[in-house]
Amino acid sequence: MGSTAATLKEFYDALYARFGPQYWWPGDTPFEVMVGAILTQNTNWKNVEKAIGNIRKAGLLDPVALRSIDVGRLAELVRPAGYYNIKAARLMSLLRMLVDDFGGDMDALFEGSVAVLRERLLSVHGVGPETADSIILYAARKPTFVVDAYTCRMACRHNLILEDAAYDEVKAVFEENLPLDANLFNEYHALIVRLGKEFCRKTPVCAGCPLESHPHELQA
DNA sequence: GACCAGGCACATC
DNA sequence: GATGTGCATGGT
Numbered sequence: 265m266g267s268t269a270a271t272l273k274e275f276y277d278a279l280y281a282r283f284g285p286q287y288w289w290p291g292d293t294p295f296e297v298m299v300g301a302i303l304t305q306n307t308n309w310k311n312v313e314k315a316i317g318n319i320r321k322a323g324l325l326d327p328v329a330l331r332s333i334d335v336g337r338l339a340e341l342v343r344p345a346g347y348y349n350i351k352a353a354r355l356m357s358l359l360r361m362l363v364d365d366f367g368g369d370m371d372a373l374f375e376g377s378v379a380v381l382r383e384r385l386l387s388v389h390g391v392g393p394e395t396a397d398s399i400i401l402y403a404a405r406k407p408t409f410v411v412d413a414y415t416c417r418m419a420c421r422h423n424l425i426l427e428d429a430a431y432d433e434v435k436a437v438f439e440e441n442l443p444l445d446a447n448l449f450n451e452y453h454a455l456i457v458r459l460g461k462e463f464c465r466k467t468p469v470c471a472g473c474p475l476e477s478h479p480h481e482l483q484a
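Using the working numbering, the first residue of the first sequence is number 265, and each one after it goes up by one.
Spelled out as structure tokens, the structure:
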């Protein structure tokens, strides 16, 4: 059996060969990506698209404009994404930092090292590790590995991590065994999500899985 | 009608 | 520090 680095490269190659480029993140601007990162928390992307569509139709897909509205109105706009009261508050927290501390300038927010930016994002109420990493990778386009439920499921089933591994442990497995490359991390995470949607459901149905040549540790 | 979806904060022990 | 719970819409 090969090293973790070799396994991760092998998996990436198999996923890319099977699915091809995923063109993530689905969003036109860094700001839209950031909004989507909050709205997609534990939520199907289709519902997020409706919510972002509402914001766009209202002419509010802009940091300063969105920052200025009432949080209750924001909640109505993002209603299709679910958890709308919570998400409106979280989004507004992020908007307050972006607009009040950085003049609504995404480039200013993103300035500096990944570590500094990550701490900055994590300090916002409602931004956890996955949301922060999604914003760093897909909006700021800086190298940080995004870990989500699919990543944990896949890594666990292929014995790369223990089932109860913490977020930062899972993240470290990928970052320490792959080149530190934003484009690679972008595609890898997107491919894992694609894999998860088609194969690594909570109920493991892995026939035809592109990684099936590798031993699975299936669990209920 | 259950089950699930690209989390996070908070309460309780 | 581990474990459980609330938050909520829309698709399968």
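From the three backbone atoms N, C-alpha and C, an ideal C-beta is built for every residue, glycine too.
From the options, residue whose alpha carbon lies closest to that of residue i
i: Tyr431; options: Arg360, Asp397, Gly390; result: Asp397
i: Leu325; options: Ala436, Phe295, Asn306, Leu381; result: Phe295
i: Val335; options: Leu442, Leu355, Pro344; result: Leu355
i: Val391; options: Ala301, Tyr276, Glu427, Asn450; result: Ala301
i: Leu272; options: Gly472, Lys461, Asn423, Ser387; result: Asn423
i: Ala404; options: Lys321, Thr293, Ser267, Gly472; result: Thr293
i: Gly208; options: Glu476, Lys321, Tyr414, Glu340; result: As displayed, the chain neither begins before 265 nor continues past 484, which places residue 208 out of reach and without an answer.
i: Ala270; options: Arg384, Glu476, Asn450, Asn441; result: Asn441
i: Glu548; options: Ala372, Arg331, Trp289, Ser332; result: Outside the displayed span of the chain (265 to 484) sits residue 548, for which this structure offers no information.
i: Leu401; options: Arg421, Val457, Tyr276, Phe449; result: Phe449
i: Lys321; options: Leu303, Asp428, Val342; result: Val342
i: Glu383; options: Asp369, Ile399, Phe438, Glu451; result: Ile399
i: Ala372; options: Pro327, Gly472, Glu451, Lys351; result: Pro327
i: Lys435; options: Arg458, Cys416, Arg421; result: Cys416
i: Gln305; options: Ala345, Asp365, Asp364; result: Ala345
i: Tyr276; options: Gly368, Asp364, Arg458; result: Arg458
i: Ser332; options: Gly291, Arg421, Asp364; result: Asp364
i: Leu386; options: Gly368, Asn447, Met361; result: Met361
Simplified DSSP state of residue i, which is helix, strand or coil
i: Phe275; result: helix
i: Glu440; result: coil
i: Gly460; result: helix
i: Asn423; result: coil
i: Lys435; result: helix
i: Ala471; result: coil
i: Leu482; result: A caution first: Leu482 carries a pLDDT of 45, below 50, which makes its placement in the model unreliable, though a value can still be read off. Note: Leu482 maps to coil in three-state DSSP.
i: Asp428; result: coil
i: Glu296; result: helix
i: Phe283; result: helix
i: Arg417; result: helix
i: Thr268; result: helix
i: Glu451; result: helix
i: Ala301; result: helix
Whole-number beta carbon distance between residue j and residue i, since they are thought to touch under 8 Å
i: Ala412; j: Glu394; result: The sequence shown places Asp at residue 412, not Ala. Confirmed, Cβ separation roughly 6 Å.
i: Ala278; j: Pro407; result: So it is not a contact: roughly 22 Å between Cβ atoms.
i: Met298; j: Leu358; result: 7 Å
i: Tyr347; j: Leu455; result: No, Tyr347 and Leu455 are not in contact; Cβ-Cβ is about 27 Å, not under 8 Å.
i: His453; j: Val410; result: 4 Å
i: Leu338; j: Ala352; result: 4 Å
Complete runs of the beta strand (DSSP E) confined to the region 303 to 348 [at least 3 residues]: The region 303 to 348 contains no whole beta strand (DSSP E) run of 3 or more residues.
Contact between the region 277 to 285 and the region 312 to 319 (3+ Cβ pairs under 8 Å): At 8 Å Cβ cutoff, the stretches do not touch.
Three or more C-beta pairs below 8 Å linking the region 376 to 384 and the region 290 to 309: Remark: fewer than three beta-carbon pairs, one from each stretch, lie closer than 8 Å, so the region 376 to 384 and the region 290 to 309 are not flagged as touching.
Length-filtered (4 minimum) alpha helix (DSSP H) runs lying within the region 349 to 376: Counting only runs of 4 or more, we get 370 to 374.
Segments of 4+ residues assigned as alpha helix (DSSP H) that fall wholly inside the region 374 to 403: As far as the region 374 to 403 is concerned, its whole alpha helix (DSSP H) runs of at least 4 residues are 378 to 386, 393 to 398.
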